[in-house]
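Reading through the structure tokens given below for one structure.
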Amino acid sequence: MPELPEVEVLVRHLAPLLKGKTIRDVTVRRAKILQPTHERDFKQTLTGATFLEIKRRGKYLLFTLQSPRKRERILLVGHLGMSGRMYLQPSAKPAAKHAAVIFALGKFSFIYEDTRYFGRLTLDPGALARLGPEPFAAEFNEEYFSRALRQSVQPIKVKLLDQSLVVGLGNIYASEALFLAGISPRTAAQNLKPNQVRRLWQAIRAVLEEAIRFGSTVPLDWAGAGTRNGLFYYGRAEQASGSYEERLRVYDRAGQACIQCGSAIKRIVQSARSTFYCPGCQRAKPSGASRAKVLETVLVK
DNA sequence: CACCATGTTCCTTG
DNA sequence: CCAAGGAACATGGT
Numbered sequence: 515m516p517e518l519p520e521v522e523v524l525v526r527h528l529a530p531l532l533k534g535k536t537i538r539d540v541t542v543r544r545a546k547i548l549q550p551t552h553e554r555d556f557k558q559t560l561t562g563a564t565f566l567e568i569k570r571r572g573k574y575l576l577f578t579l580q581s582p583r584k585r586e587r588i589l590l591v592g593h594l595g596m597s598g599r600m601y602l603q604p605s606a607k608p609a610a611k612h613a614a615v616i617f618a619l620g621k622f623s624f625i626y627e628d629t630r631y632f633g634r635l636t637l638d639p640g641a642l643a644r645l646g647p648e649p650f651a652a653e654f655n656e657e658y659f660s661r662a663l664r665q666s667v668q669p670i671k672v673k674l675l676d677q678s679l680v681v682g683l684g685n686i687y688a689s690e691a692l693f694l695a696g697i698s699p700r701t702a703a704q705n706l707k708p709n710q711v712r713r714l715w716q717a718i719r720a721v722l723e724e725a726i727r728f729g730s731t732v733p734l735d736w737a738g739a740g741t742r743n744g745l746f747y748y749g750r751a752e753q754a755s756g757s758y759e760e761r762l763r764v765y766d767r768a769g770q771a772c773i774q775c776g777s778a779i780k781r782i783v784q785s786a787r788s789t790f791y792c793p794g795c796q797r798a799k800p801s802g803a804s805r806a807k808v809l810e811t812v813l814v815k
């Protein structure tokens with residue numbers, strides 16, 4: 515369940531539940547998830563340690579723990595990959611089929627589950643060094659963004675997935691941000707006009723912010739079975755469940771009418787991944803005036 | 001059976 | 001050395 519908003523909401527959910535809790539026992543069912551940390555070190559370091567703080571960096575979860583013996587602090591780095599989940603459940607309940615790591619905390623256990631095992635739960639912070647600025651940080655300003663885009667010939671959609679440019683966007687929110695900004699996903703990054711760069715910069719923050727707000731107000735079933743559970747970006751799944759409005763404007767809506775102009779949403783493949791966009795609102799050569807209307811309304815909220 | 005899936009890393013190519 | 005493209009990772013849903 516990755517992409518920044520989902521991780522942010524998860525971190526806010528977990529923080530009060532984990533703070534102050536001590537790990538009494540560690541069960542590793544899939545050592546692959548710990549790489550490059552070895553299972554032995556992992557267990558030895560974390561058994562007896564107490565959770566102090568839980569934060570987010572990009573799509574990574576950062577757990578700071580207090581070592582039982584030494585004064586040293588421990589940094590546990592988590593990433594959900596494509597299908598990872600984290601939640602607490604009563605210790606008596608048997609762990610899920612794809613539970614990769616189980617931390618016994620006493621009455622409850624903290625579970626890291628991952629069907630496809632693409633995620634990580636490791637003591638190695640190496641991946642963090644390659645990350646670009648946080649989208650809501652001051653370093654991510656228009657000047658920085660514009661300069662970085664000027665150096666790339668890649669299609670803008672592909673470039674937005676590059677976590678060294680800015681962290682947090684994934685395949686869903688990259689398409690959503692481009693729709694809000696009224697920019698074609700095929701445009702080479704370096705060919706964006708200054709006003710497009712500004713709109714995109716605003717749109718990135720707007721989509722992520724909107725999604726965090728949505729995820730914070732929706733009841734989420736973190737540990738339940740099925741395809742949902744904290745996957746609040748699935749607008750259609752939520753709608754099927756009853757009370758939520760559709761939230762995604764273009765993602766996974768190929769063939770449906772654009773909410774802004776009525777054109778049929780298109781699906782194309784870029785870098786072997788699906789991109790969704792509106793051929794009416796996101797033209798390579800912008801001509802009309804009816805663009806970025808939705809962005810305006812999102813910015814106002 | 002075929003194709004698709006929220007992500008990142010590694011290898012190859014230019 | 002760098003940028004870009006694609007395969008690989010592993011499992012499940014449709």
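For the first sequence, position 109 matches number 623 in my numbering, and the numbering has no gaps at all.
The beta carbon of each residue, even a glycine, is placed where N, CA and C say it ideally should be.
- Item | From Pro733, Lys673 and Glu553, residue whose alpha carbon lies closest to that of Thr701 | Lys673
- Distance, Gln716 Cα to Ser757 Cα: Only weak support exists for where Ser757 lies, its pLDDT of 36 falling under 50; the value from the coordinates is given anyway. Between Ser757 and Gln716, the C-alpha separation is close to 29 angstroms.
- Item | Stretch-stretch touch, CB-based, cutoff 8 angstroms, three pairs: the segment 614 to 634 with the segment 658 to 669 | no
- Can you tell which of Gly729, Val783, Pro604 and Ser788 has its C-alpha closest to the C-alpha of Arg761? Gly729
- Query: From Glu553 to Val540, what distance separates their C-alpha atoms?
  - Reply: 10 angstroms
- Residues near Ile726 by beta carbon distance below 7 angstroms, same chain, minus five either side: Pro519, Glu522 and Val523
- Can Ile779 and Gln770 be called in contact, C-beta distance under 8 angstroms? yes
- Would you kindly work out how many angstroms separate the C-alpha atoms of Leu589 and Lys533, rounded to a whole number? 14 angstroms
- Query: Is DSSP giving Lys799 helix, strand or coil here?
  - Reply: coil
- Cα-Cα separation, Ala720 to Glu656: 14 angstroms
- Message: Alpha carbons only, please: which of Leu560, Ile670, Ala651 and Arg797 is nearest the one belonging to Ile616?
- Response: Leu560
- Neighbourhood of Tyr747 by C-beta, 6 angstroms cutoff - its chain only, sequence neighbours within 5 removed: With a pLDDT of only 48 at Tyr747, under the threshold of 50, the placement of this residue in the model should not be trusted, and no figure is reported.
- Boundaries of the beta strand (DSSP E) in which His593 is found, first to last residue: Arg587 to His593
- Item | Identity of the residues DSSP links to Lys569 by a beta bridge | Leu576
- Message: If distances are taken between C-alpha atoms only, which option among Glu724, Lys671 and Arg767 comes closest to Ser785?
- Response: Lys671
- Query: If you compare alpha carbons, which of Pro649, Lys584, Arg585 and Leu619 is closest to Tyr601?
  - Reply: Leu619
- Query: Straight-line CA distance for Gln774 to Ala798?
  - Reply: 17 angstroms
- Message: So within the segment 667 to 732, which uninterrupted alpha helix (DSSP H) runs reach at least 4 residues, ignoring any that extend past its ends?
- Response: 670 to 674, 685 to 695 and 708 to 731
- Coil, strand or helix - Leu532 by DSSP: helix
- Residues near Tyr626 in its chain [Cβ-Cβ closer than 6 angstroms; skip 5 each side]: Met600, Ala614, Val615 and Leu635
- Message: Does Ser678 pass the burial test, meaning 16 or more other C-beta atoms within 10 Å, or should it be called exposed?
- Response: exposed
- Item | Span separating the alpha-carbon of Pro639 from that of Gly794 | 44 angstroms
- Item | Per-residue DSSP class, three states only, for Ile547 | helix
- Using DSSP with H/G/I as helix, E/B as strand and the rest coil, what is Lys780? strand
- Message: Which residue marks the beginning of the alpha helix (DSSP H) containing Tyr631, and which one marks its end?
- Response: From DSSP, Tyr631 is part of no alpha helix (DSSP H); its letter is neither H nor E.
- Query: Alpha carbon to alpha carbon, how far is Met596 from Phe659?
  - Reply: 27 angstroms
- Task: Assuming Phe565 and Leu579 form a contact by the criterion Cβ under 8 angstroms, report the distance between their Cβ atoms to the nearest whole angstrom.
- Result: 6 angstroms
- What is the DSSP secondary structure of Gln665, reduced to helix, strand or coil? coil
- Query: Rounded to a whole number of angstroms, what is the C-alpha to C-alpha distance between Ala812 and Gly592?
  - Reply: Position check: residue 812 holds Val in this sequence, whereas Ala was assumed. Distance between the alpha carbons of Val812 and Gly592 is about 31 angstroms.
- Just curious, the alpha helix (DSSP H) that Thr561 is in, first and last residue? Segment: none, Thr561 is in no alpha helix (DSSP H) and carries neither H nor E.
- Query: Between the C-alpha atoms of Phe693 and Leu594, what's the straight-line distance to the nearest angstrom?
  - Reply: 26 angstroms
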